[in-house]
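Undergrad:
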Amino acid sequence: MPGNKRIVVVGGVAAGPKAAAKARRLDQQAEITIIQREPELSMATCGYPYYVGGHFNDRNALLSAGTGPIRNPAYFWSVKRITARTETEAVGIDREGKTVLCRDIRSGETEQIPYDRLILATGAVPNVPPVPGVNLDGITTLHSLSDTDYLRRVRDERKTVKAVVIGGGLIGVEGCEALRASGIEVTLVELQPQALGFLDWEMAKLVENYLRSKSVDVITGNGIAAFLGDDGRVAGVRLGDGTELPCQLAVLAVGVKPNSTLAREAGLAIGATGGVIVNEYMQTSDENIYAAGDCIETKHLMTGEPAHAPFGDLANLQGRVVGENAVLGNRVTFPGTIATGICKVFDYAAGATGLNEGSARDAGLDAVTVIGASLDKPGYMGGQLLISKLVVEKKSGRILGVQCVGPGDVSRQIAQWAMAIRGDLAVEDLVNADLPYAPPFSLAIDHGIMMAHIMQNKRKGRLKGISAREVKGRVDSGAPSFIIDYRSPEEYREMRLGVGEKLIPLPTLRDRLVELPEDKNAEIICYCRVSLRAYEASLILEANGWKNVRVMEGGVVAWPYERET
Numbered sequence: 119m120p121g122n123k124r125i126v127v128v129g130g131v132a133a134g135p136k137a138a139a140k141a142r143r144l145d146q147q148a149e150i151t152i153i154q155r156e157p158e159l160s161m162a163t164c165g166y167p168y169y170v171g172g173h174f175n176d177r178n179a180l181l182s183a184g185t186g187p188i189r190n191p192a193y194f195w196s197v198k199r200i201t202a203r204t205e206t207e208a209v210g211i212d213r214e215g216k217t218v219l220c221r222d223i224r225s226g227e228t229e230q231i232p233y234d235r236l237i238l239a240t241g242a243v244p245n246v247p248p249v250p251g252v253n254l255d256g257i258t259t260l261h262s263l264s265d266t267d268y269l270r271r272v273r274d275e276r277k278t279v280k281a282v283v284i285g286g287g288l289i290g291v292e293g294c295e296a297l298r299a300s301g302i303e304v305t306l307v308e309l310q311p312q313a314l315g316f317l318d319w320e321m322a323k324l325v326e327n328y329l330r331s332k333s334v335d336v337i338t339g340n341g342i343a344a345f346l347g348d349d350g351r352v353a354g355v356r357l358g359d360g361t362e363l364p365c366q367l368a369v370l371a372v373g374v375k376p377n378s379t380l381a382r383e384a385g386l387a388i389g390a391t392g393g394v395i396v397n398e399y400m401q402t403s404d405e406n407i408y409a410a411g412d413c414i415e416t417k418h419l420m421t422g423e424p425a426h427a428p429f430g431d432l433a434n435l436q437g438r439v440v441g442e443n444a445v446l447g448n449r450v451t452f453p454g455t456i457a458t459g460i461c462k463v464f465d466y467a468a469g470a471t472g473l474n475e476g477s478a479r480d481a482g483l484d485a486v487t488v489i490g491a492s493l494d495k496p497g498y499m500g501g502q503l504l505i506s507k508l509v510v511e512k513k514s515g516r517i518l519g520v521q522c523v524g525p526g527d528v529s530r531q532i533a534q535w536a537m538a539i540r541g542d543l544a545v546e547d548l549v550n551a552d553l554p555y556a557p558p559f560s561l562a563i564d565h566g567i568m569m570a571h572i573m574q575n576k577r578k579g580r581l582k583g584i585s586a587r588e589v590k591g592r593v594d595s596g597a598p599s600f601i602i603d604y605r606s607p608e609e610y611r612e613m614r615l616g617v618g619e620k621l622i623p624l625p626t627l628r629d630r631l632v633e634l635p636e637d638k639n640a641e642i643i644c645y646c647r648v649s650l651r652a653y654e655a656s657l658i659l660e661a662n663g664w665k666n667v668r669v670m671e672g673g674v675v676a677w678p679y680e681r682e683t
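By the count of the numbering used here, the sequence shown reaches residue 683 at its end, each step adding exactly one.
#1: Contact between the segment 154-169 and the segment 125-136 is defined here as three or more beta-carbon pairs at a separation below 8 Å; is this criterion met?
#2: Buried or exposed for residue 636, going by 16 or more other Cβ atoms inside 10 Å?
#3: Please name the residue or residues paired with residue 351 in a DSSP beta bridge.
#4: Please list, in chain order, all residues of the same chain as residue 681 whose beta carbon is under 8 Å from its beta carbon, the five residues on each side excluded.
#5: Given this structure, state the Cα-to-Cα distance separating residue 182 from residue 195, to the nearest angstrom.
#6: Pick helix, strand or coil for residue 140, following the three-state DSSP scheme.
#7: Is residue 224 helix, strand or coil when you go by DSSP?
#8: Helix or strand or just coil, what does DSSP make of residue 120?
#9: What is the residue span of the alpha helix (DSSP H) that residue 546 lies within?
#10: Please classify residue 501: is it buried, with 16 or more other beta-carbons within 10 angstroms of its beta-carbon, or exposed?
#11: Taking the alpha-carbon of residue 487 as reference, which of 666, 321 and 284 has the nearest alpha-carbon?
#12: Taking residue 650 as the reference, which of 639, 665 and 571 has the closest Cα?
#13: In three-state terms, what does DSSP make of residue 171?
#14: Roughly how many whole angstroms lie between the Cα atoms of residue 408 and residue 136?
#15: For residue 242, which residues does DSSP report across the bridge?
#16: Would you call residue 443 buried or exposed, if buried means 16 or more other Cβ atoms sit within 10 Å of its Cβ?
#17: Kindly confirm or deny that the segment 360-378 and the segment 284-298 touch, where touching means at least three C-beta pairs closer than 8 Å.
#18: Got a sec? Which residues, its chain only, sit under 8 Å from residue 653 by beta carbon, not counting five neighbours each side?
#19: Mind checking whether residue 280 and residue 303 have CB atoms under 8 Å apart?
#20: On the DSSP bridge assignment, give the partners of residue 438 in chain order.
#21: How about residue 134 and residue 239: do their beta carbons lie closer than 8 Å?
#22: Cutting at 8 Å between CB atoms, please list the residues of its own chain near residue 598, excluding the five before and the five after it.
#23: Between residue 430 and the rest of its own chain, which residues show a CB-CB distance below 6 Å, the 5 nearest in sequence each way excluded?
#24: List in chain order: all unbroken alpha helix (DSSP H) runs of 4+ residues lying wholly within the segment 512-592.
#25: Can you tell me the Cα-Cα spacing of residue 225 and residue 207, whole angstroms?
#26: Alpha helix (DSSP H) containing residue 658: first to last residue?
#27: What is the DSSP secondary structure of residue 645, reduced to helix, strand or coil?
#28: Using a 10 Å radius around the Cβ and a threshold of 16 neighbouring Cβ atoms, would you call residue 667 buried or exposed?
#29: Rounded to whole angstroms, what's the CA-CA distance from residue 633 to residue 536? Just pull it up for me.
#30: Note the first and the last residue of the continuous beta strand (DSSP E) segment covering residue 364.
#31: What's the C-alpha gap between residue 525 and residue 465?
#32: So the candidates are 325, 216 and 288; which of them puts its Cα closest to the Cα of residue 231?
#33: With distances taken Cα to Cα, identify the nearest neighbour of residue 577 among 625, 305, 520 and 485.
#34: Using the DSSP secondary-structure output, state which residues sit across from residue 600 in a beta bridge.
#35: Quick one: any contact between the segment 312-319 and the segment 395-405, if contact means 3 or more CB pairs under 8 Å?
What follows is the structure in structure tokens.
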């Protein structure tokens, strides 16, 4: 039964305060203490780039509760009767004596704080590449509130002309938008062949192209070799191929790693990802110590493998589980993650859930994929484009993962697919899904259901798809293919692929079959704007005897290469 337990929480950003609040709701007598190294508590860290970019200007909004008050020590005590000790660092754990050694950062004084249950929510620390010049002034991460304050001052002072963002993950891409919104010229540098590694290559390239359209110079497949300085301040970046990029600001966004030092030094089990190992109750290798948030490793539910998943939503969910178990005993569990994420990219969004094609195959799964595009709602209601890639298990049709990009409502699509994955649904479960429909919100056949229809057609052999990447490979290699664009002449004049295609508008196709190859086994590649007309055309051609007709999935809008205008 609940009693006068002493619960100590190390870490005061997301998982820690959530665990403390949950514990208090379930036990009004427990002595609950939060130990927080920074001056602030319960910061909305995922909002940092948007404060930097001027989407809002009130810094206190990052620290406020939903009802308005600043979440400071006075708030935690008056509202929750939780003692929050800020600017206090936990420097050691005595597991046998069940105490935490803490040091007041301002005075240097130390104190042993006893606990019955200890909760570690120490978060993550940013990776910093070990390259020359990394300690020059003007080089920062975008991880802490002090980083955020610095970058906001850079924005407000309006003195910085050029910036380089190193790392093309979520924070790097969001940082690019924030700096461009601040009037700064931005170059994004990513060592890997693509930005946003949670996407497959062709989907990531669509986002990169959009970044370029917003005046972000994107460089992939090239790492950083050194920072160049002038009088102690960054003046440029040298890349691995020798290219030098002048800048007055450099933002390091090359990922994070679990801040598990305190746990490791206390002898707790640490996993392959560097995170604290926990069981389904969020309990560490010490039954009296729990852990949650970015400092742990969790299970990837699609592969069963350990994963580091530093997402703010997961930290809060885990904190809620930990708070209950620390008070009532191990009653609730956290199952793991399917790695659902999303980021804003100017007027675009990019999101994913589950496995992409590469990770599915790395996991030994026999996967089949399809790319499709449509509006998120009718054009007369201001519908915006969505481009999705669906990954399913070949034999069963089980949904393995989805990626979605575009200016449309990506968040809704990813949320729907995440629940389908958690429900272990297959394509056939979704083709007649009963989703809400009205023109202000959706198409009559929702984009996600449309993706299920396309995959159903592909699995039944009705759609013989080919990816844009495969088409480009055929063109570059000179492979014999007859490529047909089924759009209108007006669409063609406005923009075309320039891959040797022949324009045959769909309404004219039946009258122009004589223009197609006489060899009925010749490969014919069909496309249009989103490849719906191309699919219709492929059925006409097959009915007239052509046997090797392929439809370029996603059409022109999903073409990740240069186009002619």
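Think of the CB as a built atom: it goes at the ideal place given N, C-alpha and C, for glycine as much as any other residue. Predicted model only: the values in this text are computed from it and were never measured.
TA: Per the coordinate set shown:
#1: In short, these stretches touch, since the Cβ pair count reaches three.
#2: Here the question's residue 636 lines up with position 518 in the sequence shown. Residue environment: residue 636 is assigned as exposed (fewer than 16 neighbouring CB atoms within 10 Å of its CB, all protein chains considered).
#3: Against the sequence shown, residue 351 aligns to sequence position 233. As computed with DSSP, residue 351 is found in a beta bridge with 255 and 348.
#4: The residue given as residue 681 occupies position 563 in the sequence shown. Hits under 8 Å: 613, 614, 615, 616 and 674.
#5: Locating residue 182 in the sequence shown gives position 64, counting from the first residue. Locating residue 195 in the sequence shown gives position 77, counting from the first residue. Computed Cα separation, rounded: 15 Å.
#6: Here residue 140 refers to the residue found at position 22 of the sequence shown. Correct three-state label for residue 140: helix.
#7: For the purposes of this step, residue 224 is taken as residue 106 along the sequence shown, with counting starting at 1. Taken through DSSP and simplified to helix, strand or coil, residue 224 comes out as coil.
#8: Within the sequence shown, residue 120 is the residue found at index 2, counting from 1. Only weak support is given to the placement of residue 120: the predicted model assigns it a pLDDT of 45, under 50, and the question is left unresolved by the model.
#9: The residue labelled residue 546 in the question sits at position 428 within the sequence shown. Unbroken alpha helix (DSSP H) run through residue 546: 545-548.
#10: Here residue 501 refers to the residue found at position 383 of the sequence shown. Residue 501 is buried by the Cβ-count criterion.
#11: Within the sequence shown, residue 487 is the residue found at index 369, counting from 1. Ranking 666, 321 and 284 by Cα distance to residue 487 puts 321 first.
#12: Locating residue 650 in the sequence shown gives position 532, where the first residue counts as 1. Check the Cα spacing between residue 650 and each of 639, 665 and 571: the tightest is with 571.
#13: Along the sequence shown, one-based indexing puts residue 171 at 53. If DSSP states are grouped into helix, strand and coil, residue 171 belongs with coil.
#14: Taking the sequence shown and counting its residues from 1, one reaches residue 408 at position 290. Taking the sequence shown and counting its residues from 1, one reaches residue 136 at position 18. When rounded, the separation of the alpha-carbon atoms in residue 408 and residue 136 is 13 Å.
#15: On the sequence shown, residue 242 is found 124 positions in, with the first residue counted as 1. DSSP lists 376 as the bridge partner or partners of residue 242.
#16: Here residue 443 refers to the residue found at position 325 of the sequence shown. Its Cβ being crowded by 16 or more others within 10 Å, residue 443 is buried.
#17: Taking one beta carbon from each stretch, the segment 360-378 and the segment 284-298 have 3 or more pairs nearer than 8 Å; the two touch.
#18: Locating residue 653 in the sequence shown gives position 535, where the first residue counts as 1. The beta carbon of residue 653 lies closer than 8 Å to those of 575, 581, 644 and 669 in the same chain, with the five residues before and after it left out.
#19: Here residue 280 refers to the residue found at position 162 when the sequence shown is read from its first residue. Here residue 303 refers to the residue found at position 185 when the sequence shown is read from its first residue. Their beta carbons are under 8 Å apart, which means residue 280 touches residue 303 by this criterion.
#20: Within the sequence shown, residue 438 is the residue found at index 320, counting from 1. Note: residue 438 sits in no beta bridge, so no partner.
#21: Numbered from its first residue, the sequence shown carries residue 134 at position 16. Numbered from its first residue, the sequence shown carries residue 239 at position 121. Their beta carbons are under 8 Å apart, which means residue 134 touches residue 239 by this criterion.
#22: Translated into the one-based positions of the sequence shown, residue 598 becomes position 480. Counting only Cβ-Cβ distances below 8 Å, and skipping sequence neighbours, we find 640 and 641.
#23: Within the sequence shown, numbered from 1, the residue matching residue 430 stands at position 312. Cβ neighbours of residue 430 beyond the five flanking positions: 132 and 164.
#24: Note on the segment 512-592: whole alpha helix (DSSP H) runs with a minimum of 4 residues are 528-540, 545-548 and 565-577, in chain order.
#25: What you label residue 225 is simply residue 107 of the sequence shown in a count that begins at 1. What you label residue 207 is simply residue 89 of the sequence shown in a count that begins at 1. A direct Cα-Cα distance of roughly 12 Å separates residue 225 from residue 207.
#26: The sequence position of residue 658 within the sequence shown is 540, counting from 1. Where residue 658 is concerned, the enclosing alpha helix (DSSP H) stretches over 650-661.
#27: On the sequence shown, position 527 is the one that residue 645 refers to. Three-state result, residue 645: strand.
#28: Your numbering for residue 667 matches position 549 in the sequence shown. Buried, by the Cβ-count rule.
#29: On the sequence shown, residue 633 is found 515 positions in, with the first residue counted as 1. On the sequence shown, residue 536 is found 418 positions in, with the first residue counted as 1. About 46 Å.
#30: As a working note, residue 364 is residue 246 in the sequence shown. Segment 362-364, the beta strand (DSSP E) holding residue 364.
#31: In the sequence shown, counting from the first residue as 1, residue 525 sits at position 407. In the sequence shown, counting from the first residue as 1, residue 465 sits at position 347. Roughly 6 Å separates the two Cα atoms.
#32: Here residue 231 refers to the residue found at position 113 when the sequence shown is read from its first residue. Closest option to residue 231, Cα to Cα, is 216.
#33: What you label residue 577 is simply residue 459 of the sequence shown in a count that begins at 1. Comparing Cα-Cα distances from residue 577 to each of 625, 305, 520 and 485, the minimum goes to 485.
#34: As a first step, residue 600 must be located in the sequence shown, where it is residue number 482. According to DSSP, residue 600 bridges with 642.
#35: Because the criterion of three Cβ pairs below 8 Å is not met, the segment 312-319 and the segment 395-405 do not touch.
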